[in-house]
Amino acid sequence: MLSEFLLAEMSRLGSQDALPLHRQLYEALRRAMLDGKLGAGERLPSSRDLAQDLRLSRNTVVAAINQLSVEGYLASRVGSGTFVNDNVPRTTPGRSARPGPGRAAATVQAARLSTRGLALSSTFCATELEVQPFTPGIADFSAFPLTLWQRLQNKHWRMTYPDMLDYNDSGGYAPLRRAVADYLRVFRSVHLEADQVVITSGTQQSLELCARLLADHGDTVWVEDPAYWGAVKAFIATGLALHPVAVDEQGINPSTADNARPPRLIYVTPSHQYPTGAVMSLPRRHQLLATARAHDAWVLEDDYDSEYRFSGPPISSLEGLDTDGRVFYMGTFSKVLYPGLKIGYLVVPKPLVAAFKQAHYDLNRPGQMPVQAALAEFIEMGHFASALRRARQNYGERRQCLLEALKPVLRDDLPDGPSISGAEQGLHLCLRLPPEVDDRALAQRIAQHGLTVRPLSAYCLQRKDLRGLVIGYGYAPLAEIERCGPLLRQRRAAGPRRLTQITSRRRCHNMPSARLGVRSSAPPGKRRCLRRAYTSKRAACPATASATSRPARPVSATPWPLKPCR
């Protein structure tokens, strides 16, 4: 009987989806019609009879029947009743109108992604390249002044005008664009006016916008090798042909073979190459601009962490050297504030400003004007500078402590021995290893101890000669560095090119070696000298702060849930 089928189907739906009764009856009747249990033109029982048979209220039954009538499954005839519509489609015999979880999974598995979809879902996955402390590219936003930020946001929500709730076609909130222009002009030597700043949702949107407007499908884009995974994803998504160009200690280094593949776009991270940390030299910058001029190409400068410079004078932007208007400069607030803010900026050459604003409006429908207004006031009141100053000090302490932990592995006496690159700036450094080392296996062994680092070879597109560990310290609290420092210290063991875990003496925190579970191999007299040397240097190491000045944090605790940052 129909009522028995409906009761069984409603019971199944209620146990699986917790739907309201009228929705359960709607789904049950719909499935009965699609599966052929109610044929075309067949008359339904009256709403009173259905309500009595199903032990439901008549209002519930009427609500389900009315919804089916609106969608065309049922047709009512005055004085005759309600009938199944003649044009209701039937499902294939043996197939359910609403497959269960197993059948749905099989259908999804049988679905075929496009070539681009396969590349996007399987190449340079972010889950494999950033998570947890010591992961490159992650900033610590647990110290962000949330109370102050909430107060500013509430202020602008209270005084928001109607146009602040609409889309914005001017490239962003004008005071915020002026604040960004003032900051870049003073601290990054960028030649710009406020009108050239386009506020985006971050570096990814800036890259996609440039790729869509400056290149056609199939055009060549030069990317650094090893490369930033986010840029690779953006260019694949826009249908561009990637051409990796090798990076050395002076940055991207195009060869004669590379120049045989003229680019339309050149993507670089000159201030702190991601992930090697190389800083592009001045001659190499002029050479890159000359190459772009010769090929009539655009240069995309990603200045993702230039705010954090710990050694040497600040490095000016590549855009500041450009005299032809070929450089697009982009940055983000994620590294100083918090990733979920999703606000970045793109500096566009003057002749293209109007086109970029119009395309940005048409493609992305930018908004979040109250949030942009709060950020503009946050900068104007000096809170951004204060947050940046605190972050520099905080990250500087962590950087120094990590460098101390890595000292035992460095071998200056060997030409191909382990070395550190990229420690002068940013939130990560690169421990370079000999080419014979399997850095992926080494990263997996370290992961077994709860420590996440990334193999340098995972960022390479074509190169096979780079090995190393990319280690981020931005999100690693000092307690984590103290706990995991011994795991990061590696030494050569049985094989001439094989690295294994070292059990070495403590270098940068005030904790006896016995508490680390390791034993010093130095003679007793040497150990006494080392202890005296360490005691004299306690004040210089931030990890030796007293419990009164720096409360201890459980080493297993993380200050905040993590998300991708760029």
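Heads up: the sequence shown begins at 0 in numbering that gives the first Met the number 0, then just goes up one per residue.
For each residue, glycine too, the CB sits at the ideal point set by N, CA and C.
Being a predicted model, the structure only gives us computed values, none of them experimental.
Take the alpha-carbon of Arg184 and the one of His190: they are about 6 Å apart. Distance between Ala230 and Leu206, taken at the CA atoms: about 7 Å. Annotation for Asp323: Arg292 place their beta carbon closer than 7 Å to its own, counting only its chain and skipping 5 residues before and after. Residue range Trp297 to Asp301 is occupied by the beta strand (DSSP E) that includes Val298.
When the alpha-carbon of Met158 is set against those of Gly471, Asp437 and Met368, the nearest one is in Met368.
Listed in chain order, the non-local C-beta contacts of Thr268 below 6 Å within the same chain comprise Asp301, local neighbours out to five positions each way being set aside. Under the DSSP assignment, Val83 falls in the beta strand (DSSP E) whose first and last residues are Gly80 to Val83. Rounded to the nearest whole angstrom, the C-alpha separation of His359 and Leu175 is 17 Å. Phe143 places its beta carbon less than 7 Å from that of Tyr337. CA-CA distance, Phe4 to Met32, rounds to 12 Å. Assigned with DSSP and collapsed to three states, Met279 falls in coil, not helix or strand.
Ile470 carries a strand assignment under DSSP once its states are collapsed to helix, strand and coil.
Straight through space, the alpha carbons of Asp437 and Glu379 are spaced by roughly 49 Å. Inter-residue distance for Val222 and Tyr458 is about 12 Å (C-alpha atoms, whole angstroms).
Proximity to Leu164 across Arg410, Leu401 and Pro365 peaks at Pro365, based on C-alpha coordinates. In the structure shown, Ala17 falls within a coil segment according to DSSP collapsed to helix, strand and coil.
Pairwise C-beta distances place the segment 277-289 out of contact with the segment 232-239, as fewer than three of them are shorter than 8 Å.
For the alpha helix (DSSP H) assignment, the uninterrupted runs of no fewer than 4 residues enclosed by the segment 203-271 are, from N- to C-terminal side, 228-236 and 255-258. Scanning its chain for C-beta atoms nearer than 8 Å, with the 5 sequence neighbours on each side dropped, one finds around Asp247 the residues Ala277, in chain order.
If you compare the alpha carbons of Asp224, Tyr160 and Arg187 with that of Arg466, the shortest gap goes to Asp224. Classified as buried, Phe377 has 16 or more neighbouring CB atoms from the shown chains inside 10 Å of its CB. Taking each of Pro454, Asn363, Leu428 and Ala384 in turn and checking the Cα distance to Glu403, the smallest one comes out for Leu428. Within the same chain, and ignoring the five residues on either side of Ser418 in sequence, the residues whose Cβ sits closer than 7 Å to its Cβ are Leu409 and Arg431. With respect to Trp297, Leu340 sits apart: the two C-beta atoms are not nearer than 7 Å. According to the DSSP assignment, Arg431 belongs to the beta strand (DSSP E) that extends over His427 to Leu432.
Closest option to Arg47, judged by alpha-carbon separation, among Leu460, Asp162 and Ala62: Ala62. In the structure shown, the three-state DSSP call for Pro161 is helix. With contacts defined by Cβ atoms closer than 7 Å, Pro262 and Thr219 form a contacting pair.
Rounded to whole angstroms, the separation of the alpha carbons of Leu18 and Tyr25 is 10 Å. Closest option to Ser169, judged by alpha-carbon separation, among Ala193, Arg187 and Lys154: Ala193. Assigned with DSSP and collapsed to three states, Ile342 falls in coil, not helix or strand. In this structure, the straight-line span from the alpha carbon of Gly171 to that of Glu435 is close to 50 Å. Sequence-distant partners of Ser305 (beyond 5 residues in either direction) whose C-beta falls short of 6 Å from its own C-beta, in its chain, are Ser270.
When beta bridges are read from the DSSP output, Val197 appears opposite Leu345.
With a minimum length of 4 residues, the unbroken runs of alpha helix (DSSP H) contained wholly in the segment 24-65 fall at 46-53. Distances from the CA of Gly40 to each of Phe82, Tyr394 and Ala50 were compared; the closest alpha carbon is that of Phe82.
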